[in-house]
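Under the working numbering, think of the first position of the sequence shown as 520, with each following residue one higher. Note sheet for the following structure.
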Amino acid sequence: MRRPRPQPLSRRSVLGGLATLPALWSSALADDTPPPPSQLFHRNPPPPGSAAEVLDVMSFEPLARTALPPAHFGYLATGVDDDRTVARNHEAFGHYEIRSQRFTDLDHLDTSCAVFGGRWPSPIYLSAVSGMRAFHPEAEVAVARAARTRSVQLMLSTGSSCAPEQVTEARGAPLWQQLYPTDDWEVTRGIVKRAEAAGSSAIALTVDGAAEPRFNQTLRNAMLADSRECSACHLNNRHDMWLKAPMFAGLDVSRVTRLRPASVTPGYLDRLRQLVRGRLIVKGVVTGEDAALALEHGADAVVVSNHGGRNEETLRATVDCLPEVVAAVGGRVPVFIDGGFRRGTDVFKALALGATAVGLGRPQAWGLAAFGQPGVEAVIDILNRELGAIMRQAGTPAIASITAARVMRAAR
Ligand code: FNR
C-alpha cells in the first residue's frame, strides 16, 4: 500500500500537538540550539521523495514522527523513567574508536557471516518489535517482505499484529519467534507449538522484563496529545497483548495476568528447554554471569539487550555489556546484541568486541512508518553500505577480520 508522502519538516510540524513533550524531544528543536553541521546549508531540507533518497538511519526518525499519530510515535520512542538508557545505548558507541589499518588487500569485500551453520549476507537482523500495525497498515507483512528481499533474519514479536503463519509466508523462510511466555504454562506451550508449526527455527525468550510495564512521562504526554481511541490496536482501549495479538487466538487466556512469569529461574529455562524443539535464544542478558547460566540451562545463543532501554533505567549501554558476555560465552554459541545501532560503524564496533550479529529495533519501525516496505529495505541497505565502507577504511575485507585489534576504548 502506498503511504502519503511525508510532509516537509518544520518546527511547527515536528512539535505539532506535542508541545508538552519533555525535554528529550523538544530540546533539539529549541530556538537557541545551534544547528548541527548537517543543517548549516539546508536549514529546511526538502523531504525525501523516496526511501532511497534518505541518507542515514537517524533521518528516518523525524519522518516517522511526521507520519505517525502522537501516541504511536510516543510508544515507539519511549524508554522508561527519564529515557536515559535509550540515549546511552547509542551514545556509548562513542566509548570505542576504530583502529584502521592500511596496506590490506581490499579487492574483494565480503560482508557475509556464519550464523547457526548458515550464511547471512551481512551481520544484521530485525529484532522483535510488537504491534507493527501501529506504524503502518501492512505491519509485519511489509517488514517480512523487506527481510525477504534483503535476506535478513526476522525475529517476530509475540505481540505481532499479524499471524505468524502470514508473516512466515511473506518472509519465505523460517522466523525466530520471540516469546513472552505469560504466567500460564498452557499458554506458553500453545505459543511455542504454534510458532514451531508455522516453521520457526528458534524461540527467543525475552528475560529483561521482570517489572510490570509502566508509563513514563514521555509516553503519557504522547497519549495526552492524541485523542483517538484506537480499536485497531487495543481491545476496549486496553493494552494487554494477550487480548488482541493474533498469536493468542484460540488459546485460553483467562488465567493470564502478565506477559511473563513473575520469576524466570534457571529451573524455568530447563522446563522451556524441554518444550522447545528448535533453538532456544535467551534475549535480554547483560552480564557474564547470566550468559553462563543461560548456556548451562540449554540456551543456543544469547542476545545482549536491555530492550532498547524500555524496561529498566540502568544507564548501562548494551555495547558496554558486550565484552563480559563474550568472555563468559567463550565462543561456545553466537552472541547477538541490540540497542542503539544506527550506523555501520556501530555494527563494526560490536563485531570487533565479539558479537556475532546485531539486531535492529526502532530503525525498522521508522522506515516502515515513513515508507512501508521500501523504508525498511532502505534502513538495511544504508547500514550494509556503511558497514562495507568502514570495513574498507579499517582494512578488514571480511567479517572474520574484524577482530579486537580493530577497536580500542576511547581515552576521553
Ligand atoms: C521492542 N522490543 C521488543 N522486544 C521483545 O523481546 N519483544 C517485543 O515485543 C518487543 N517490542 C518492542 C516494541 C517497540 C516499539 C520497541 C522500540 C522495541 C525491543 C527490541 O526487540 C530491541 O531489543 C530494541 O528495540 C533494540 O533497541 P533499538 O534498536 O530500538 O535502539
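We put the beta carbon where it would ideally sit given N, CA and C, even for glycine.
Residues A663, A666, R667, L673 of the same chain have their beta carbon placed closer than 7 angstroms to that of R690, with the five preceding and five following residues left out of the count.
Segment contact: the region 565-576 against the region 689-706, fewer than three CB-CB distances shorter than 8 angstroms; contact not assigned. Residue burial is scored here from C-beta neighbours: L738 has at least 16 other C-beta atoms within 10 angstroms and is therefore classed as buried.
Under the three-state reduction of DSSP output, Y699 falls in the coil class, being neither helix nor strand. Taking every protein chain shown into account, the CB of R607 has 16 or more other CB atoms within 10 angstroms, so this residue is buried. The secondary-structure analysis by DSSP pairs M674 across a beta bridge with W695. According to the DSSP assignment, T604 belongs to the alpha helix (DSSP H) that extends over 603-610. For the ligand FNR, residues qualifying as neighbours are L595, S646, A647, V648, S649, S676, G678, Q697, T725, S824, H826, G827, D857, G858, G859, G880, R881, where qualification means a beta carbon closer than 5 angstroms to at least one of its heavy atoms (chain order). The DSSP-derived three-state label of T915 is coil. The three-state secondary structure of I921, taken from DSSP, is coil. Excluding the 5 residues flanking it on each side, H816 has same chain C-beta neighbours closer than 7 angstroms at P785, L788, D789, R792, in chain order.
Inter-segment contact for the region 791-805 and the region 725-733 is present: three or more beta-carbon pairs are separated by less than 8 angstroms. Per DSSP, E808 lies in no beta strand (DSSP E); the unbroken alpha helix (DSSP H) holding it starts and ends at 807-815.
In the assembly as shown, P893 is a buried residue. Its beta-carbon has 16 or more other beta-carbons within 10 Å. Taking C-alpha positions only, E715 is separated from P765 by approximately 15 angstroms.
Shown here for Q883: same chain residues with a beta carbon closer than 7 angstroms to its own, the five before and five after excluded, namely L645, V648, V662, V895, V898 in chain order. For V821, the enclosing beta strand (DSSP E) has its first and last residue at 820-823. Apart from the 5 residues on each side of it in sequence, S641 sits with its Cβ closer than 6 angstroms to the Cβ of T630, N903 in its chain, given in chain order.
Counting along the chain, no alpha helix (DSSP H) covers T725; the unbroken beta strand (DSSP E) around it starts and ends at 721-725. Cβ-Cβ distances below 6 angstroms link A583 to W885, A888, A889 in the same chain, with the five nearest sequence neighbours on each side left out; the list follows chain order.
For V711, the enclosing alpha helix (DSSP H) has its first and last residue at 704-716.
Every alpha helix (DSSP H) of 4 residues or more that sits fully in the region 759-807 is shown, in chain order, as 760-763, 785-794.
Note that the C-beta distance between S720 and G636 is not below 7 angstroms. Taken atom to atom, the span from the alpha-carbon of C681 to that of Y699 is near 16 angstroms.
Taken through DSSP and simplified to helix, strand or coil, G828 comes out as helix. In the three-state reduction of the DSSP assignment, L574 falls in the coil class, being assigned neither a helical nor a strand state. By alpha-carbon distance to G718, the top candidate from E905, C749, E684, G709 is E684. Proximity to V822 across I722, D626, S773 peaks at I722, based on C-alpha coordinates.
Taking P842 as reference, the option from R829, G859, G807, G863 with the minimal CA-CA separation is G807.
The Cβ neighbour count for G849, taken over all protein chains shown within 10 Å, is under 16; the residue is labelled exposed. Annotation for R777: T701, D702, E731 place their beta carbon closer than 8 angstroms to its own, counting only its chain and skipping 5 residues before and after. Taking 7 angstroms as the cut-off, the beta carbon of L906 is found closer than this to the beta carbon of V866.
Of the candidates G859, T915, V852, the residue whose Cα lies closest to the Cα of A836 is G859. The alpha-carbon of M742 is positioned some 19 angstroms away from that of N830.
Contact annotation: G880 and D857 have beta-carbon atoms nearer than 7 angstroms.
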